Amino acid sequence: MSARVLVVFGTRPEAIKMAPVIRCLREHRAGFDVVVGVTAQHREMLDQVLDLFGITPDHDLGIMRHGQTLDQILARAVTGLSELVRDVMPDVLLVQGDTATTLAGALAGFYEHIPVGHVEAGLRSDDKYRPFPEEVNRRLTTHVASLHFAPTQTAADRLAEEGVVPEDIWVTGNTVVDALLETAGMPFEFTDQALRSVLSSPGRVVTLTAHRRENWGEPMRRICRAALEVLRGFEDVHVVFPVHRNPVVRRDVESVLGGHERAHLVEPLEYLPFVKLLQSSTLVMSDSGGIQEEAPSLDLPVLCLRDTTERPEAIETGAVRLVGTDEQVIAGAVAELLTDSESYRRMAAATNPFGDGRAATRIADVLAERW
Ligand code: UD1
Ligand code: UDP
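So the sequence shown is numbered by the working numbering: it starts at 300 and just counts up by one.
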């Protein structure tokens with residue numbers, strides 16, 4: 300009998316990072332019975348990814364509500380996923396990352412004595428409020444999980460320091476690199492007129508994304524004011540900001556950047572066009588976790604809009620620089636990259652410490668060995 304794997308996720312980044320795992324499990328010679336269950340903690344941003352990778356969930360809990368609070372997401376997800384686990388009775392349940400869905404999926408598996416595999420295990424910022432609530436979600440998930448797929452040796456070492464036995468830890472690389480390399484090779488033409496004309500203009504493009512809870516409010520407005528300062532200082536620069544669908548984020552972004560002719564506030568892009576946007580950008584300013592892991596594979600410098608990081612590997616290689624949320628510091632760092640070719644070259648030339656594009660295969664092989 301083939302092993303049944305229940306793959307659980309709910310948000311955009313989890314979907315991007317689980318897509319290669321689902322594909323490798325489905326194609327594996329072990330003949331896994333793969334069941335995909337989504338909480339749909341995100342709706343439109345999740346569906347964009349499902350469409351691109353041709354994934355049709357077997358179960359969709361549809362839990363997203365506007366204005367949802369952390370406790371509400373967790374409660375709805377853990378209740379729905381527990382029912383799902385009882386229904387599917389998998390041999391193993393996989394979760395990814397550090398969202399509310401990740402923690403809920405891990406608990407739902409644990410409550411039914413199903414072993415849980417954690418993809419992207421061992422990331423730590425050592426500050427439980429940054430990123431909030433993700434640092435605590437992933438720490439708790441570590442305690443619940445039985446198999447730990449660490450993206451790097453640093454992450455694996457952290458798990459071992461916290462008492463996870465080495466036989467339960469595998470260094471696989473991050474599956475986001477698998478997704479990125481596959482997507483970066485796909486052809487794509489922008490149909491959106493505004494983006495087409497920005498990308499074909501001789502000016503430079505700075506991509507900006509920000510959504511983290513700890514950046515809501517004044518930090519978000521400072522980030523946007525820093526972008527305005529860059530636009531004022533560099534007349535050839537366009538800032539393209541695909542704005543997260545969260546209304547809290549949208550309000551602040553639009554209040555500062557709305558109306559500037561070279562600040563292009565667009566809807567969240569599907570993954571393929573977003574990767575093409577990155578490929579056409581000079582640099583990226585972002586508080587996203589996934590973008591820090593992707594950009595080094597595109598030789599794209601990342602200015603990380605956070606004070607701490609759970610991804611020190613990219614700081615060490617030089618691909619990512621932490622700039623926090625101070626307006627002057629951010630604007631100064633962007634100006635340096637736009638004017639100092641040696642600083643730019645150093646960041647762009649740094650290698651990607653997060654993987655080689657074969658992480659999902661390694662995860663599927665481990666599961667095949669165990670089951
Ligand atoms: C969530 C994750 C975060 C992850 C991020 C990726 C938690 C606690 N947070 O944060 O770790 O980095 O996703 O983007 O799990 N919305 C829509 N449509 C969508 C998606 C979101 O309208 O497709 C709006 C809804 O109003 C929703 C709000 O955004 O209530 C916030 O979504 P939520 O999942 O609670 O938080 P994120 O900030 O997206
Ligand atoms: N992304 C996307 N469209 C966008 C912005 C980002 O597809 O408009 C992708 C990005 O390439 C990365 C992922 O979404 O793979 C990151 O998601 P997000 O920033 O929402 O979450 P985080 O990584 O911070 O958890």
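Using N, Cα and C, we set each Cβ at its ideal position, and we do this for glycine too. As the structure is a computational prediction, the values presented were derived from the model and not from experiment.
Check: residue i C-beta below 7 angstroms from any heavy atom of ligand 1
i, result
"I372", "yes"
"N514", "no"
"P432", "yes"
"T310", "yes"
"L345", "yes"
"H341", "yes"
"D426", "no"
"D386", "no"
"H543", "yes"
"P546", "yes"
"H417", "no"
"M646", "no"
"D535", "no"
"L406", "no"
"Q367", "yes"
Assigned exposure category for residue i - 16 Cβ within 10 Å defines buried
i, result
"L530", "buried"
"E423", "First, the residue type needs correcting, since residue 423 is Arg and not Glu in the sequence shown. By the 10 Å Cβ count, R423 comes out buried."
"P486", "exposed"
"V476", "buried"
"E513", "buried"
"R644", "exposed"
"G299", "A question about residue 299 goes unanswered here, because the residues of the chain that appear run from 300 up to 670."
"A648", "exposed"
"H412", "exposed"
"S587", "buried"
"G309", "buried"
"M388", "exposed"
"A594", "buried"
"A493", "exposed"
"P501", "exposed"
"T368", "exposed"
"M300", "exposed"
"Q591", "buried"
"Y570", "buried"
"R328", "exposed"
"T660", "buried"
"T650", "exposed"
"D639", "exposed"
"S496", "exposed"
"S580", "buried"
beta-carbon residue i near ligand 2 non-hydrogen atom, thresh 7 angstroms
i, result
"R531", "no"
"T508", "yes"
"E593", "yes"
"L582", "no"
"F653", "no"
"S587", "yes"
"F487", "no"
"F352", "no"
"L568", "yes"
"F540", "no"
"I315", "yes"
"V475", "yes"
"I321", "no"
"I522", "no"
"I590", "yes"
"F331", "no"
Integer Cβ distance of residue i from residue j, believed to fall under 8 angstroms
i, j, result
"T338", "L324", "Actually they do not touch by this definition, with Cβ atoms about 19 angstroms apart."
"F540", "A562", "7 angstroms"
"A374", "A405", "About 15 angstroms separates the two Cβ atoms, so there is no contact after all."
"V538", "V505", "5 angstroms"
"V536", "L637", "7 angstroms"
"Q395", "V418", "4 angstroms"
"L402", "T440", "6 angstroms"
"P312", "G336", "Rounded, the Cβ-Cβ distance is 17 angstroms, inconsistent with contact."
"M519", "V552", "7 angstroms"
"V622", "T482", "Rounded, the Cβ-Cβ distance is 27 angstroms, inconsistent with contact."
"Q340", "T400", "5 angstroms"
"G416", "L393", "5 angstroms"
"W469", "V665", "5 angstroms"
"Q671", "L597", "Residue 671 lies beyond the range of the chain shown here (300 to 670); nothing can be said about it."
"V377", "A407", "6 angstroms"
"A658", "G472", "4 angstroms"
"L576", "P600", "Contact flag wrong, Cβ pair sits at about 15 angstroms."
"A526", "L507", "6 angstroms"
Residue-level contact to chain B via CB, residue i, 8 angstroms cutoff
i, result
"E411", "Of the protein chains in the structure, only one exists, and it is not chain B."
Can you list the alpha helix (DSSP H) stretches of 4 or more residues lying completely in the region 539-604, in chain order? 546-556, 570-578 and 588-593
Where in the region 358-410 do unbroken runs of the beta strand (DSSP E), each at least 3 residues long, occur, reported from the N-terminal end onward? 391-395
Along the chain, which unbroken stretches of the alpha helix (DSSP H) at least 4 residues long are found entirely within the region 438-504? 452-460, 474-483 and 492-499
Mind listing, in chain order, the continuous beta strand (DSSP E) runs of no fewer than 3 residues lying wholly within the region 618-670? 619-621
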